[in-house]
């Protein structure tokens, strides 16, 4: 089973959400903003209309981060922008070609290690703020810019646009959501719009997670997991560890090396 959805931003202009809902759209991913705190001009209206019409929605933030601290700030901006709304779908990290180009304009080469650290920084901050994280990526970025652990750690919103998509079958690289077209047509929206399919029951997953946290069940485990991810980012940033084998046992020799590095003798 899957749900049919769209993702939109200011580029779709003022949307007639009543017509969108009547056309069978079951969820939406809304751009909350981009870069360092820049709000999408249509986000407030889009989110308010979705809430009014009971269209479940999530949000995404187009990233221009080139340091983990910048990515964490973007996560905070995104969560803050959506703070007054009940989100039934994830908060997604959107890192694309323009993101890489911008970093290069600032003199920063985006490696797989850097891009992966940005995704982890954004997503771990989203989790720490009580929201459900996700990474938007096309197949090229999954191979070239994100390490193999990213799809294991976070849901993937896959951008892949085949000529004749069979949305009844989730692609292997997808991790919950598939953007299967960039040229869709939906009543109530002028021009083209991205079309999506969701393969997880995100409203139920998010409600269950929030309910467990409210009740205290699994709160300690979730809190430890979030802290462990942030700690992993920190040791990688400090050059203490490469962050691999997060659940493997540490030998005494490895511990000595990490302590040695922690003291600054790298």
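Residue numbers (the working numbering): 13 to 278.
For each residue, glycine too, the CB sits at the ideal point set by N, CA and C.
>> So if DSSP puts residue 18 in a beta bridge, which residue, or which two residues, is it bridged to?
In response: For the purposes of this step, residue 18 is identified with residue 6 of the chain shown, where counting begins at 1. Looking at the DSSP assignment, residue 18 forms a beta bridge with 40 and 207.
> What residues in its chain sit with their C-beta under 6 Å from that of residue 247, if we drop five residues either side in the sequence?
Replying inline: Position 235 of the chain shown holds residue 247. Counting only Cβ-Cβ distances below 6 Å, and skipping sequence neighbours, we find 253.
>> For residue 173, which residues in the same chain have their Cβ closer than 7 Å to its Cβ, ignoring the five residues on either side in sequence?
In response: Within the chain shown, residue 173 is the residue found at index 161, counting from 1. Closer than 7 Å at Cβ, skipping near neighbours: 192, 193 and 194.
> Just to confirm, are residue 181 and residue 18 a CB contact at a threshold of 7 Å?
Replying inline: In the chain shown, residue 181 corresponds to position 169, counting from 1. In the chain shown, residue 18 corresponds to position 6, counting from 1. Contact flag unset, no.
>> What does the alpha-carbon distance come out to for the pair residue 143 and residue 273?
In response: What you label residue 143 is simply residue 131 of the chain shown in a count that begins at 1. What you label residue 273 is simply residue 261 of the chain shown in a count that begins at 1. C-alpha separation (whole angstroms): 34 Å.
> How long is the line joining the alpha carbons of residue 40 and residue 66, rounded to whole angstroms?
Replying inline: Position 28 of the chain shown, counted from the first residue, corresponds to residue 40. Position 54 of the chain shown, counted from the first residue, corresponds to residue 66. Rounded to the nearest angstrom, the two C-alpha atoms are 11 Å apart.
> Going by the CB atoms, is the gap between residue 220 and residue 15 shorter than 7 Å?
Replying inline: Counting from one through the chain shown, the residue named residue 15 turns up at place 3. Counting from one through the chain shown, the residue named residue 220 turns up at place 208. The answer is no: Cβ separation not under 7 Å.
> Between the stretch 68-85 and the stretch 29-36, do three or more beta carbon pairs fall short of 8 Å?
Replying inline: no
> Does the beta-carbon of residue 84 have 16 or more other beta-carbons within 10 angstroms, so that it is buried, or is it exposed?
Replying inline: Within the chain shown, residue 84 is the residue found at index 72, counting from 1. Buried: at least 16 other Cβ atoms inside 10 Å.
> Helix or strand or just coil, what does DSSP make of residue 138?
Replying inline: Mapped onto the chain shown, residue 138 falls at position 126. Here residue 138 sits in helix by DSSP.
> Going by other Cβ atoms of all chains shown within 10 Å of its Cβ, with 16 needed for buried, is residue 167 buried or exposed?
Replying inline: Position 155 of the chain shown holds residue 167. Classification of residue 167: buried, given that the 10 Å Cβ count is 16 or more.
> If you compare alpha carbons, which of 23, 115, 44 and 250 is closest to residue 105?
Replying inline: For the purposes of this step, residue 105 is taken as residue 93 along the chain shown, with counting starting at 1. Comparing Cα positions, the closest option is 44.
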